[in-house]
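To start, the structure itself, in structure tokens.
Residue numbers (the numbering used here): 1090 to 1373.
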């Protein structure tokens, strides 16, 4: 099981960096001091730890961050690891229930030890704009389980909200979109899912680094761009709208990183479901 899950994790990470995601790093344009190669090396290093059978969620996250830091010197994937570790653990539970139900079991069983490991991982990854929290600050020791920690942060961090809400955004927005695109390739799926998240709510990575006004402005612009893309008369023109938006966001130093992380988690969840249902998994 662990080798197959690791392979799926690497496949979704490859698909995500191949996708044209305005403002985020992708094969068409690097940005924010990071390259596609940084993300591919990170995925390869982290995959065996995310997929390590029988390992608690927090330990998977910490081991994966350590492995990532052994190959790159920047935070390429903390959000991805936080989201994918519980999904990988859920995939190990008996497949008689849907993955989403098994994930709920995993989230309900998170411990203080999971929180302590996640705190250490976050400190090691040192994400941009982290700041300090009034309660359950990662700079100090964990005193409650990881889901309680994430629930306290849900209003300011969309990744934390997934833990609190049973991955509602991942399944109801991301996985739902992928299911509607069964005949599409993985990169096209990733591009569509990313745009769904980018236009659904303010990206919490932007919110954390640049504040509410910038996050709201990017959301509004993303919705306008999406409308222009939908109305475009050709694939070339659709891509041009996305490239222009991409260049503008990168020139401003704005990275919708949470939307990208949620995209990876959505593809990962869908492919885990497909594998366990006996369907052929999509490869990037």
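From the three backbone atoms N, C-alpha and C, an ideal C-beta is built for every residue, glycine too.
Nearest to residue i (by Cα), restricted to the options the options
i: residue 1444; options: 1298, 1334, 1360; result: Only positions 1090 to 1373 of the chain appear in the structure, and residue 1444 is not among them; the question remains open.
i: residue 1105; options: 1339, 1280, 1330, 1345; result: 1280
i: residue 1162; options: 1150, 1145, 1178, 1122; result: 1122
i: residue 1193; options: 1205, 1211, 1180; result: 1180
i: residue 1109; options: 1341, 1291, 1264, 1329; result: 1329
i: residue 1135; options: 1099, 1266, 1247, 1113; result: 1099
i: residue 1265; options: 1249, 1283, 1248; result: 1283
i: residue 1248; options: 1361, 1144, 1275, 1295; result: 1295
i: residue 1178; options: 1227, 1146, 1160, 1208; result: 1146
i: residue 1117; options: 1335, 1189, 1268, 1312; result: 1335
i: residue 1200; options: 1183, 1229, 1236; result: 1236
i: residue 1160; options: 1144, 1167, 1128; result: 1128
i: residue 1214; options: 1231, 1155, 1257; result: 1155
i: residue 1142; options: 1188, 1115, 1093; result: 1093
i: residue 1288; options: 1339, 1208, 1169, 1311; result: 1311
i: residue 1361; options: 1293, 1188, 1243; result: 1188
i: residue 1164; options: 1331, 1131, 1242, 1190; result: 1131
i: residue 1102; options: 1150, 1111, 1166; result: 1166
i: residue 1290; options: 1151, 1309, 1097, 1275; result: 1309
i: residue 1138; options: 1169, 1306, 1113; result: 1169
i: residue 1207; options: 1197, 1191, 1234; result: 1234
i: residue 1359; options: 1259, 1272, 1144; result: 1259
i: residue 1304; options: 1245, 1209, 1107; result: 1245
Classification of residue i by the beta-carbon crowding that lies within 10 angstroms, buried from 16 upward
i: residue 1220; result: Reliability of the predicted coordinates at residue 1220 is poor, the pLDDT of 46 falling under 50, and the value obtained from them is presented with this limitation in mind. Per the 10 Å Cβ criterion, exposed.
i: residue 1333; result: exposed
i: residue 1126; result: exposed
i: residue 1261; result: exposed
i: residue 1157; result: buried
i: residue 1301; result: exposed
i: residue 1268; result: exposed
i: residue 1203; result: buried
i: residue 1090; result: Low local confidence applies: a pLDDT of 48 at residue 1090 is under 50, so the model's placement there is unreliable, with the coordinate-based value given in what follows. Classification for residue 1090: exposed.
i: residue 1232; result: exposed
i: residue 1293; result: buried
i: residue 1326; result: exposed
i: residue 1223; result: The predicted position of residue 1223 is uncertain, since its pLDDT is 45 and thus under 50; no value can be drawn from it.
i: residue 1229; result: exposed
i: residue 1242; result: buried
i: residue 1112; result: buried
i: residue 1149; result: buried
i: residue 1257; result: exposed
i: residue 1263; result: buried
Sheet register partners of residue i (DSSP bridge)
i: residue 1115; result: 1118
**Report entry** Contact between the segment 1346-1366 and the segment 1166-1176 (3+ Cβ pairs under 8 Å)
**Finding:** These segments touch.
Query raised in the report: Three or more C-beta pairs closer than 8 Å, one from the segment 1313-1323 and one from the segment 1243-1262: is that the case here?
Result: In short, these stretches do not touch, since the Cβ pair count stays below three.
Query raised in the report: Going along the chain, which unbroken runs of the alpha helix (DSSP H) with 4 or more residues stay wholly within the segment 1133-1205?
Result: As summarised for the segment 1133-1205, the continuous alpha helix (DSSP H) elements at least 4 residues long and confined to that stretch are 1146-1158, 1167-1180, 1188-1197, given in chain order.
Report task. Note down, one range per segment and in chain order, each alpha helix (DSSP H) of at least 4 residues found wholly within the segment 1293-1349. Result -> Counting whole runs of 4 or more residues, the segment 1293-1349 contains the alpha helix (DSSP H) stretches 1293-1299, 1301-1320, 1324-1340.
Query - Whole runs of the alpha helix (DSSP H) within the segment 1209-1284, excluding any shorter than 4 residues - result: If we require 4 residues or more, the alpha helix (DSSP H) runs fully inside the segment 1209-1284 come out as 1235-1242, 1247-1254, 1265-1268.
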